[in-house]
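Novice: Just add 1439 to the spot in the sequence shown (first one is 1) and you have my numbering.
Backbone N, C-alpha and C define an ideal beta-carbon position, used for all residues, glycine too.
Okay, here's the structure, questions in a sec.
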Amino acid sequence: MSNMLWRVFAVCIIVLTFSSGKLDESLLIEDPLISVDQISQSNWVDSVFQSLTFDERLGQLFMVAAYSNKDQAHVNEITNLIKTENLGGLIFFQGGPDRQARLTNLYQAQAKTPLFIAMDAEWGIGMRLDSVPDFPKAMTLGAIQDEKLIYEMGEEMARQFKELRMHINFAPVVDVNSNPDNPVIGYRAFGGNKELVAKQAVAYMKGLQDNGVIANAKHFPGHGDTEADSHYSLPVIKHPEQRIWDIDLYPYEELFKENLMSVMVVHLNIPSLDSEANSATSLSKKVVTDLLQKRMNFQGLVFTDALNMRGVAKANSPGEVDLKALLAGNDVLLYSMDVPKAKAMIKKAVEDGIISESEIDRRVKKILKAKYWSGLNHYVPIKTFELNDRLHTPKTDELIEKLYASSITVASNKDKLIPFEQLDLKSFASLSIGDDGKVFQKYLGKYTKFDHFSIQKAANETTHYNTLKQLEDYDVVVVGLMGVTNSPKRKFGIADADVQLIRDLSKRQKVVTVLFGNAYASQHLEGLGNLVFAFENNETTQELAPQILFGARPAEGILPVTVSSQYSFGVGGYMESLKRLSYGTPESVGLDSKILNKIDEVAEKAIRIQATPGANVLVVKDGKVVFERSYGKLEYKSSPKVNSETVYDLASITKVLATTQAVMFLQSRGELDMDKTLGHYLPELRGTNKEKLVLKDVMAHEAGLVAFIPHYAKTVEGGNWKSEYFHATSSPGFSRPVSNDMFGNDALRDSIWTWTIESKLTPKPSGAAKHKYVYSDLTMYFMQAVVEKIVNQPMEVFLEQNFYAPLGLHTLTFNPFNKMPLDNIAPTENDVAFRKRQVQGYVHDPGAAMYGGVAGHAGLFGTANDLAVMMQLMLNKGYYGDVSLIKSGTVTEFTKRQSTQSRRGWGWDKPEPEKGKGGSAGDLAPKSTFGHTGFTGTCVWADPENNLIYVFLSNRVYPDGNNTRLLKEGIRTEIHDIIYQALSKK
């Protein structure tokens, strides 16, 4: 049934029920234009109207500008206008939410007639108020193909408006921006295609009005093809009337079909609509009354654009311009500069018969009717307690992320370079022009090793030459073009020399340019082979663009405007992702961020009780990193703060993310059989007590191997090093680094291997088929040897070539002391028993250090992000991005519980089978969870049931390895359980 028929039906029911003497309110039909309850509305409007004098009724026609960042004199001025002129409403501009809320309460308390509170908030209240995030600009929204997201944005804006008791948003802009040189609209329009503009505008409007906020379409009849700004002059549009109907009025017609409640008339001169010389559309009866209200049959509220704008104020004095606007047919006079004078002139016009009192009464009732619809018949003051938290919720952040992510557009992609594949075959650099691009660089670095460079806009020739030289050896250069402006006259801030630099780079290597700003700027980038539109430059777009480039997210945006023959409307579209890790908000994957925030308390407690000087916590859900926070410092004393790039000694996590990975890789390819023995692969074990130990028993810690061997004890005497094992300087025969200024005998590894082979086995229980479960570091010494025997190369080289480099994991490495700055590496123990020095950049475990820093049980270092990638590889059953490493069945077999004696898999740790029995995972983790902990204060856990990853990294052994507070206080397991509590609230 059409909207018109619904209204007729509603009226008929009301008449019938009234005629029977009884009104059945359940039969009233909801209509967004006239409210749910027409009878109550009519009664309230009549009651308010009759209580007002003619002068007070006139006041309802005016809305003036209010600010919450001005002084008391401004507050007094507004208060006086409300009291003496009975203003119809206020339009708030700059300030802050709490200040505006308090002023709104004050002003409403002074008003005889409840005030309309409005805001020109095209991209949300953050456009006007501090401490509230912005939504994307209209052009960014125009790139989004799913208008449901636009509706959700309108819905969320409406929620924020209602928290501030605001009733009208002067949005959406429905201008069809057909002129790239338009100085005032540009990015404020959804695009240059009328159907696109109409579709996005309808979604925006419905999001607002379905949730109780009046939308306002502007700038009628269309500001999309001007080269002047109506804020400063009166632009002239010379198009014929038919063209205006075909293009500019089309979105309005579509919005009217969907019950748009208000329109703003702009200050333009359009001779084809009104031939009077220098006539402004906002003051033209032919435009406001004849075209808009009669020919187009618009019955909603009609607002003028701001009457202080030079487009009308230049030729009309305050008061005079208000009267002309009223006579043209406008209902509400916006931003009036002199209300008393305007009212006096209107009264005089009534006396002179220029406009009738009944006509003014009609418009006043129209305004009151809209006020009822907005809930002003029962105004409730704003509660200011925790107002900011209510305005900026996790849902707000989730929606902003979705909007920006859906807008990013891959406009040109020569040779399908994007998304980047084969990360181990390319060297990458980034170049930020016009901004340091720190966030952009940070997120690029989460996917592979990058070297980063930055230059200012329009740098000199020498800088450009040096930049070319610095970048010449890289395979791929990602250029972040920042500092883009919205000024067509100044080429949108694009310097010709910078563009030439990009072109020169493109002659030598593969270059991808990301345009962080107005899409119209791309007219100066014609011919670039790889261009991505991010539309705006902010932290969110800088986070998201790298995710698109590396295939962590699909590219979904389309270009909403035509800029040139290469960059025309509609380019872009869907580009499939490679499903690498993405980054976003907890709510986007069903986690409750308020509960996750409790992790802060636990981590801060750990630092406060000196369980660890610092830590990193990372949570992944459904392939998206949704919690990544750093706490504390590298040391307890004054030292650098921990950050997401801090590299930690992973200790026993080496067992699962190094040795076990290699074993799984070889088992997948049939090169290793878990039912074979150590002696089968290692000839040197034949004839020893290790010869017949079966690999699956070894990796389940049920082969009888002792827990550990303190190898270092054989190399010290009387608390000092034995000279045959260690020297303080590197010298012939002593070239193996064990710590800074400590070098081991080149034969030390062979000695340790011999001592390990000669170790005793634990006795097998009487009558038992297997040895008891004993968690043993020796397990991985032997499995490392098996791996190296099969692949015929050092395990660290094999892992780098087959795992870490292809996955882009540049911090996951052994012996980082000679690969990265020490300031990036968390120190571990001040080793007074063995090395006699502070350990930093060298493996903490003494045996692994003596083994050359690469041992099957310890030696691996890395960041939380790189660990998350490895664990996602496991959740993905052996593949990640464009790399497939391990068969699905192998992952399943190794990560399941392997024995009734323990909770262990093959290499992997798991939760205890029975709750309350302790264990290393949180109590709430399902039994399918797998992972491992590390002696230095680390853990990784993956949960295939919930597609969840948890990483905790710390250096709890600094400065004393005997510090057990982290374990005793259950810090790691408590955080693990918080994650599940957040999950259960989704």
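#1: Could you give the distance in angstroms between the alpha-carbon of T2334 and the alpha-carbon of V2322?
#2: Are the Cβ atoms of T1979 and L1964 separated by less than 8 Å?
#3: According to DSSP, simplified to helix, strand and coil, what is H1403?
#4: Quick one: what does DSSP say G1932 is sitting in, helix, strand or coil?
#5: At what residue ranges does the segment 2024–2090 contain a whole run of the alpha helix (DSSP H), taking only runs of 4 or more?
#6: Pick helix, strand or coil for K1853, following the three-state DSSP scheme.
#7: Let me check one thing: in DSSP terms, what residues is G2370 bridge-paired to?
#8: In chain order, what residues of the same chain have a beta carbon less than 8 Å from the beta carbon of V2086, not counting five sequence neighbours either side?
#9: Grab the span of the beta strand (DSSP E) containing F1859 for me, first residue to last.
#10: Which value, in whole angstroms, describes the spacing of the CA atoms of T2412 and V2058?
#11: Can you list, in chain order, the residues of its chain whose CB lies under 8 Å from that of G2023, leaving out five sequence neighbours each side?
#12: What is the rounded straight-line gap between the Cα of L2248 and the Cα of V1615?
#13: Pick from I2038, Q2049, A2045: whose alpha carbon is nearest that of V2056?
#14: If you compare alpha carbons, which of F1531, N1525, N1969, A1560 is closest to Q2005?
#15: For N1655, report the span of its alpha helix (DSSP H) as first-last.
#16: Using alpha carbons as the reference points, say which of G2361, L2363, M2309, S2367 lies closest to T2331.
#17: Indicate the three-state DSSP secondary structure (helix, strand or coil) for H2166 in the structure shown.
#18: Just checking, does the segment 1628–1636 make contact with the segment 1694–1702 on the three C-beta pairs under 8 Å criterion?
#19: State the Cα-Cα distance for the pair I1683 and R1749, rounded to the nearest angstrom.
#20: Who are V1890's beta bridge partners in DSSP?
#21: Have a look at L1856 and I1556 and give me their C-alpha separation to the nearest angstrom.
#22: Measure from the alpha carbon of S2007 to the alpha carbon of each residue in S1479, N1608, R2188, G1630, then state which is nearest.
#23: For H1903 and S1851, I'd like the C-alpha separation in whole angstroms.
#24: Do the segment 2185–2204 and the segment 2303–2318 meet, that is, are 3 or more Cβ pairs less than 8 Å apart?
#25: Nearest by alpha-carbon distance to H2150: which of P2285, D2185, N1525 is it?
#26: According to DSSP, is D1470 part of a helix, a strand, or is it coil?
#27: Looking at the unbroken beta strand (DSSP E) that takes in R1802, where does it start and where does it end?
#28: In or out: I1624 buried (at least 16 other Cβ within 10 Å) or exposed?
#29: Taking 8 Å as the threshold (beta carbon to beta carbon), is E1978 in contact with chain C?
#30: The beta strand (DSSP E) that contains N1969, what's its start and end?
#31: Mind checking N2401: buried by the 16 CB within 10 Å criterion, or exposed?
#32: Are the segment 2101–2109 and the segment 2073–2084 touching, with three or more C-beta to C-beta distances below 8 Å?
#33: Give the range of the alpha helix (DSSP H) segment to which T2412 is assigned.
#34: CB-CB under 6 Å to L1542, same chain, minus the five flanking residues each way: which ones, in chain order?
#35: Going along the chain, which residues of its own chain have a beta-carbon closer than 6 Å to the beta-carbon of L2124, five neighbours each way excluded?
#36: Going by other Cβ atoms of all chains shown within 10 Å of its Cβ, with 16 needed for buried, is Q1533 buried or exposed?
Specialist: For this structure:
#1: Translated into the one-based positions of the sequence shown, residue 2334 becomes position 895. Translated into the one-based positions of the sequence shown, residue 2322 becomes position 883. Each residue's Cα considered, the two are about 20 Å apart.
#2: By one-based count along the sequence shown, residue 1979 stands at place 540. By one-based count along the sequence shown, residue 1964 stands at place 525. Taking C-beta atoms as the reference points, T1979 and L1964 fail to come closer than 8 Å.
#3: As shown, the chain starts at 1440 and ends at 2425. That puts residue 1403 outside it, with no answer to give.
#4: Walking along the sequence shown from the start, residue 1932 turns up at place 493. Of the three classes helix, strand and coil, the one that applies to G1932 here is helix, per DSSP.
#5: 2032–2035, 2037–2047
#6: Reading the sequence shown from its first residue, position 414 is the one you call residue 1853. DSSP places K1853 in helix when its eight states are reduced to three.
#7: Taking the sequence shown and counting its residues from 1, the one referred to as residue 2370 is at position 931. Looking at the DSSP assignment, G2370 forms a beta bridge with D2348, W2380.
#8: The residue given as residue 2086 occupies position 647 in the sequence shown. So the qualifying residues of the chain are T2250, P2255, M2259, N2263, I2264, A2265, F2300, G2301, T2302.
#9: As a first step, residue 1859 is located in the sequence shown; it is residue number 420 there, counting from the start. Looking at the DSSP string, F1859 is not in any beta strand (DSSP E), and its letter there is neither H nor E.
#10: Residue numbering aside, residue 2412 sits at position 973 when the sequence shown is read from its first letter. Residue numbering aside, residue 2058 sits at position 619 when the sequence shown is read from its first letter. Answer to the nearest angstrom: the Cα atoms are 14 Å apart.
#11: Here the question's residue 2023 lines up with position 584 in the sequence shown. E1837, E1840, A1844, K2063, V2064, V2065, listed in sequence order.
#12: Here residue 2248 refers to the residue found at position 809 when the sequence shown is read from its first residue. Here residue 1615 refers to the residue found at position 176 when the sequence shown is read from its first residue. L2248 and V1615: Cα-Cα distance of roughly 46 Å.
#13: Looking up residue 2056 in the sequence shown gives position 617. Out of I2038, Q2049, A2045, I2038 has the C-alpha closest to the C-alpha of V2056.
#14: Here residue 2005 refers to the residue found at position 566 when the sequence shown is read from its first residue. The option with the nearest alpha carbon to Q2005 is N1969.
#15: Locating residue 1655 in the sequence shown gives position 216, counting from the first residue. Following the DSSP letters along the chain, one finds N1655 in no alpha helix (DSSP H) but inside the beta strand (DSSP E) bounded by residues 1653–1659.
#16: Sequence index remark: in the sequence shown, residue 2331 carries index 892 (1-based). Among G2361, L2363, M2309, S2367, the Cα nearest to that of T2331 is on S2367.
#17: Taking the sequence shown and counting its residues from 1, the one referred to as residue 2166 is at position 727. Of the three classes helix, strand and coil, the one that applies to H2166 here is strand, per DSSP.
#18: They do not touch, by the three-pair rule.
#19: Numbered from 1 along the sequence shown, position 244 holds the residue referred to as residue 1683. Numbered from 1 along the sequence shown, position 310 holds the residue referred to as residue 1749. Their Cα atoms are separated by approximately 24 Å.
#20: Mapped onto the sequence shown, residue 1890 falls at position 451. Checking the sequence, you will find Asp at residue 1890 rather than Val. Answer is A1868.
#21: Start at 1 with the first residue of the sequence shown, and residue 1856 comes out as number 417. Start at 1 with the first residue of the sequence shown, and residue 1556 comes out as number 117. Roughly 51 Å between the two C-alpha positions.
#22: Position 568 of the sequence shown, counted from the start, is the residue given in the question as residue 2007. When each option's Cα is compared against that of S2007, the closest is G1630.
#23: Counted from its first residue, the sequence shown places residue 1903 at position 464. Counted from its first residue, the sequence shown places residue 1851 at position 412. Approximately 25 Å between the Cα atoms of the pair.
#24: no
#25: The count along the sequence shown starts at 1 and reaches residue 2150 at position 711. Closest by alpha carbon: P2285.
#26: Counted from its first residue, the sequence shown places residue 1470 at position 31. For D1470, the predicted structure reports a pLDDT of 42, less than 50, and the residue's modelled location is therefore unreliable. A value from the coordinates is still provided. It is coil, neither helix nor strand.
#27: Along the sequence shown, read from residue 1 onward, the residue named residue 1802 stands at position 363. From DSSP, R1802 is part of no beta strand (DSSP E) but of the alpha helix (DSSP H) over 1796–1812.
#28: The residue given as residue 1624 occupies position 185 in the sequence shown. Buried, because 16 or more other Cβ atoms sit within 10 Å of the Cβ of I1624.
#29: This model lacks chain C altogether, as it is built from one protein chain only.
#30: Against the sequence shown, residue 1969 aligns to sequence position 530. Per DSSP, N1969 belongs to the beta strand (DSSP E) from 1969–1972.
#31: Residue numbering aside, residue 2401 sits at position 962 when the sequence shown is read from its first letter. Counting Cβ neighbours within 10 Å, N2401 comes out exposed, since fewer than 16 surround it.
#32: Fewer than three pairs of CB atoms, one per stretch, sit closer than 8 Å, so the segment 2101–2109 makes no contact with the segment 2073–2084.
#33: Walking along the sequence shown from the start, residue 2412 turns up at place 973. Note, T2412: alpha helix (DSSP H), 2410–2423.
#34: Against the sequence shown, residue 1542 aligns to sequence position 103. So the list reads S1507, once near-sequence residues are dropped.
#35: Along the sequence shown, one-based indexing puts residue 2124 at 685. Closer than 6 Å at the Cβ level, and outside the excluded window around L2124, lie L2117, G2118, E2130.
#36: As a working mapping, residue 1533 is identified with position 94 in the sequence shown. With a 10 Å radius around the Cβ and a threshold of 16 neighbouring Cβ atoms, Q1533 comes out exposed.
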